[in-house]
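Asks:
Chains as they are written, first to last, in the numbering used here: chain A, 1 to 250; chain B, 251 to 586.
1) Going along the chain, which residues of its own chain have a beta-carbon closer than 6 Å to the beta-carbon of residue 229/A, five neighbours each way excluded?
2) Counting only beta-carbon separations shorter than 8 Å, does residue 113/A have a partner in chain B?
3) Are the C-beta of residue 465/B and some C-beta of chain A separated by less than 8 Å?
4) Taking only beta carbons into account, state which residues of the segment 506-540 of chain B come closer than 7 Å to chain A, listed in chain order.
5) Within 10 angstroms of the Cβ of residue 34/A, are there 16 or more other Cβ atoms? Answer buried if so, exposed if not.
6) Return the CA-CA distance between residue 440/B and residue 426/B, expressed in angstroms with no decimal places.
7) Measuring straight from C-alpha to C-alpha, what distance separates residue 578/B and residue 482/B?
8) Please confirm if the segment 482-496 of chain B is in contact with the segment 392-408 of chain B, defined as three or more CB-CB distances below 8 Å between the two stretches.
9) Below 9 Å between beta carbons is the criterion; list the residues of the segment 445-475 of chain B that meet it against any residue of chain A, in chain order.
10) Rounded to whole angstroms, what is the Cα-Cα separation between residue 188/A and residue 32/A?
11) Residues in its own chain within less than 7 Å of residue 491/B by CB, not counting five upstream and five downstream?
12) Report yes if the CB atom of residue 519/B is closer than 8 Å to the CB atom of residue 77/A, and no otherwise.
13) Could you list which residues in chain B have their beta carbon closer than 9 Å to that of residue 77/A, in chain order?
14) Below 8 Å, can you find three or more Cβ-Cβ pairs linking the segment 188-205 of chain A to the segment 154-162 of chain A?
15) Among the candidates 459/B, 453/B, 395/B, whose CA atom is the shortest distance from the CA of residue 526/B?
16) Which same chain residues end up closer than 8 Å to residue 98/A when comparing Cβ atoms and leaving out the 5 residues on each side of it in sequence?
17) Who does residue 33/A pair with in a DSSP beta bridge?
18) In the segment 405-431 of chain B, which residues sit with their C-beta less than 9 Å from some C-beta in chain A, listed in chain order?
19) Helix, strand or coil for residue 383/B, going by three-state DSSP, please let me know.
20) Check whether the segment 5-14 of chain A and the segment 46-56 of chain A are in contact - that is, three or more C-beta pairs closer than 8 Å.
21) Are the segment 444-453 of chain B and the segment 494-505 of chain B touching, with three or more C-beta to C-beta distances below 8 Å?
22) If I measure Cβ to Cβ from residue 66/A and keep anything under 7 Å in the same chain, skipping five residues before and after, which residues do I get?
23) Sorry if obvious, but does the Cβ on residue 554/B come closer than 7 Å to a heavy atom of the ligand ZN?
24) On a CA-only basis, which of 185/A, 225/A, 246/A is nearest residue 3/A? Give me that one, please.
25) Using the Cα positions of residue 562/B and residue 106/A, report the straight-line distance between them to the nearest angstrom.
26) With a threshold of 8 Å between beta-carbons, can residue 398/B be considered close to chain A, or not?
27) Given that a residue counts as buried once 16 or more other Cβ atoms are within 10 Å of its Cβ, and exposed if not, what is residue 141/A?
28) For a contact meaning CB atoms closer than 7 Å, what does residue 402/B contact in chain A?
29) Please list, in chain order, all residues of the same chain as residue 338/B whose beta carbon is under 6 Å from its beta carbon, the five residues on each side excluded.
30) What does DSSP give as the partner residues of residue 13/A in its beta bridges?
31) Rounding to the nearest angstrom, what Cα-Cα distance links residue 45/A and residue 556/B in this structure?
32) Tell me which residues share the same chain as residue 18/A and place their Cβ nearer than 6 Å to its Cβ, disregarding the 5 neighbours each side in the sequence.
33) If we ignore side chains and look at the alpha-carbon of each, how far apart do residue 514/B and residue 575/B end up?
34) Just how far apart, CA to CA, sit residue 217/A and residue 202/A?
35) I'd like to know whether the C-beta of residue 96/A is nearer than 8 Å to at least one C-beta of chain B.
36) How should residue 110/A be labelled, buried or exposed, when 16 other C-beta atoms within 10 angstroms of its C-beta is the threshold for buried?
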């Protein structure tokens, strides 16, 4: 199957610090690829390079057959992104964000309105459609940004930590929506720390540690549970005893 | 007493940081213009500025603590009362008013004057404590615009009306409108001067067009498949939609020309040296040189249109179009 995302020796340095180091990666059309790693491992930097928001120091990234650095505007028209900071304007309502997306992606007005209504309903955002982003809860903001990523019907979806800080029902709805869009041929590239959710929806697992890839396989090829494998390869949790926690006060 | 004291100390720190945001006044074109040109005749303009600044300054310091956090703290009723009574004294305006009462009464201030200032302060203090219905604020209601940039323009309009520059210009325009309706006739040159003042009051905002978007907004600007000139155009349309109505009771064509030139000059610092701005404060412009050039250019353009020919408006339009095109390319480079 044709690769929708391809990285060749992708490297990004910030001064002396190497955030991403020689990453090679292919994601096939219609696949859901989970990109895992601890905080600061280089996940968001990789997503920024893939979406044309950050230039690589060296190497190349191709999305939808286009070089991300060479043609960022055309690339932006074909992808949907849920960025790390959600990218919302404080002075627009939930509904206005979706209408804005339809307008600037060239979706016909009628179609935008229909898709907006469907997305607001599907993500239980109808009651808050006229709430300004500045007044929304974090969950509402995340759902709004997720709806914005879906509305233009992109070929590739990039989602930075989509399941964090949302309620279980919404997480289930988002999971079902992602599986549905993947069945329709949309490629999904997501980062997450919620391994149980990732194990349920991902077709491909990529793990990164200190900027370097340490695992890349189909989910069925994992030698053990995702959580155990993650702890073995990426980071082993060390639990420290805090002796002062307990019945005695202060 | 240790608990309320610790809270008051933290509040004082937060309040002091908040007050530093008012240093924006020093980098504001309008302040510079009035300070330079109106050294003696500027009392009226300074009064308007003071009135505009009084409201955001007169907030209740206790509101800086999130209500849920205040409710969770293990404070007995007596300590909550201490907090309530002591916290207004964190606001320097309270001390100022008390000082005026002690020192000024019977000398520079009449009792009535002092009561009026204290009443304004108290009103602003109380208003700041009244919770606004979510998203129902009058300033949130803005008109729709044709084209795909509609929502961006509306968002930018809402940003402009959360700056004190706008309220300063609005007060100036409203006062002139009232004077025009009810007062004796003024020479036409007076309207030109007031037009320059009104556009000047808004000009610092034109130097920091992306200042209120925040990191999230800038991140979205990067993701949207629009050209840099379109982002600038959405900013400029919102600015003109505010400034042109404000100059309607004054000299309209010179006002439009001055606004276009203000934007043309303001694009450079907006794009190349973006400065984050704070809501409900005066905008802080770029370098002093930018402000001086902007003020000079807008005053000269307005004068040329007013006293020579309306064709200078065409020159202002041309300068603006070139600036949008040129700095639109820079926006793409800066935002990525």
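Idealized CB from N, CA, C, for every residue including glycine. Only a predicted model underlies this, so the values are computations on that prediction, with no experimental measurement involved.
Replies: A quick look at the data gives this:
1) Taking the first residue of the first chain as position 1, residue 229/A is located at position 229. Hits under 6 Å: 222.
2) Looking up residue 113/A in the first chain gives position 113. Chain B, which has no Cβ nearer than 8 Å to the Cβ of residue 113/A, makes this no.
3) Walking along the second chain from the start, residue 465/B turns up at place 215. True, the Cβ-Cβ gap to chain A drops below 8 Å.
4) none
5) Taking the first chain and counting its residues from 1, one reaches residue 34/A at position 34. By the neighbour-count rule (16 or more Cβ atoms within 10 Å), residue 34/A is buried.
6) As a working note, residue 440/B is residue 190 in the second chain. As a working note, residue 426/B is residue 176 in the second chain. Computed Cα separation, rounded: 10 Å.
7) Residue mapping note: residue 578/B aligns to position 328 of the second chain, counting from 1. Residue mapping note: residue 482/B aligns to position 232 of the second chain, counting from 1. Inter-residue distance for residue 578/B and residue 482/B is about 6 Å (C-alpha atoms, whole angstroms).
8) yes
9) 462, 463, 464, 465, 466, 467, 468, 469, 470, 471, 472, 473, 474, 475
10) For the purposes of this step, residue 188/A is identified with residue 188 of the first chain, where counting begins at 1. For the purposes of this step, residue 32/A is identified with residue 32 of the first chain, where counting begins at 1. Roughly 5 Å separates the two Cα atoms.
11) Numbered from its first residue, the second chain carries residue 491/B at position 241. Here the set comprises 407.
12) The residue you call residue 519/B lines up with position 269 of the second chain. The residue you call residue 77/A lines up with position 77 of the first chain. Contact: no.
13) Within the first chain, the letter at position 77 stands for residue 77/A. Here the neighbours are 475.
14) Judged by Cβ distances under 8 Å, the segment 188-205 of chain A makes contact with the segment 154-162 of chain A, as three or more pairs qualify.
15) As a first step, residue 526/B is located in the second chain; it is residue number 276 there, counting from the start. Of 459/B, 453/B, 395/B, the residue nearest in Cα terms is 459/B.
16) Here the question's residue 98/A lines up with position 98 in the first chain. Cβ neighbours of residue 98/A beyond the five flanking positions: 112, 115, 116, 119, 120, 144, 147, 148, 151.
17) Translated into positions along the first chain, residue 33/A becomes position 33. DSSP, once it has assigned bridges, lists 189/A, 204/A as partnering residue 33/A.
18) 405, 406, 407, 408, 409, 412
19) For the purposes of this step, residue 383/B is taken as the residue at position 133 of the second chain. Its pLDDT being 49, under 50, residue 383/B is placed unreliably by the model, and the measurement read from it follows with that caveat. If DSSP states are grouped into helix, strand and coil, residue 383/B belongs with coil.
20) yes
21) yes
22) Sequence index remark: in the first chain, residue 66/A carries index 66 (1-based). Excluding residues within five positions, the ones whose Cβ falls inside 7 Å are 74, 75.
23) Questions concerning the ligand ZN fall outside what the structure shown contains, since it holds no ligand whatsoever.
24) To locate residue 3/A, count along the first chain from 1; it is residue 3. Nearest option by C-alpha distance: 185/A.
25) By one-based count along the second chain, residue 562/B stands at place 312. By one-based count along the first chain, residue 106/A stands at place 106. Taking the straight line from one Cα to the other gives about 37 Å.
26) As a first step, residue 398/B is located in the second chain; it is residue number 148 there, counting from the start. It does: the Cβ of residue 398/B has a partner Cβ on chain A nearer than 8 Å.
27) For the purposes of this step, residue 141/A is taken as residue 141 along the first chain, with counting starting at 1. Residue 141/A is buried by the Cβ-count criterion.
28) The sequence position of residue 402/B within the second chain is 152, counting from 1. Per Cβ cutoff of 7 Å: 100.
29) By one-based count along the second chain, residue 338/B stands at place 88. Correct list, in chain order: 344.
30) For the purposes of this step, residue 13/A is taken as the residue at position 13 of the first chain. Answer is 18/A, bridged to residue 13/A.
31) As a working note, residue 45/A is residue 45 in the first chain. As a working note, residue 556/B is residue 306 in the second chain. When rounded, the distance between both Cα atoms is 54 Å.
32) As a first step, residue 18/A is located in the first chain; it is residue number 18 there, counting from the start. Answer for residue 18/A: 211, listed in chain order.
33) The residue given as residue 514/B occupies position 264 in the second chain. The residue given as residue 575/B occupies position 325 in the second chain. Computed Cα separation, rounded: 10 Å.
34) If you number the first chain from 1, residue 217/A lands on position 217. If you number the first chain from 1, residue 202/A lands on position 202. Using only the alpha carbons, I get a separation of about 11 Å.
35) Within the first chain, the letter at position 96 stands for residue 96/A. Closer than 8 Å to some Cβ of chain B, the Cβ of residue 96/A qualifies, so yes.
36) Within the first chain, the letter at position 110 stands for residue 110/A. Exposed.
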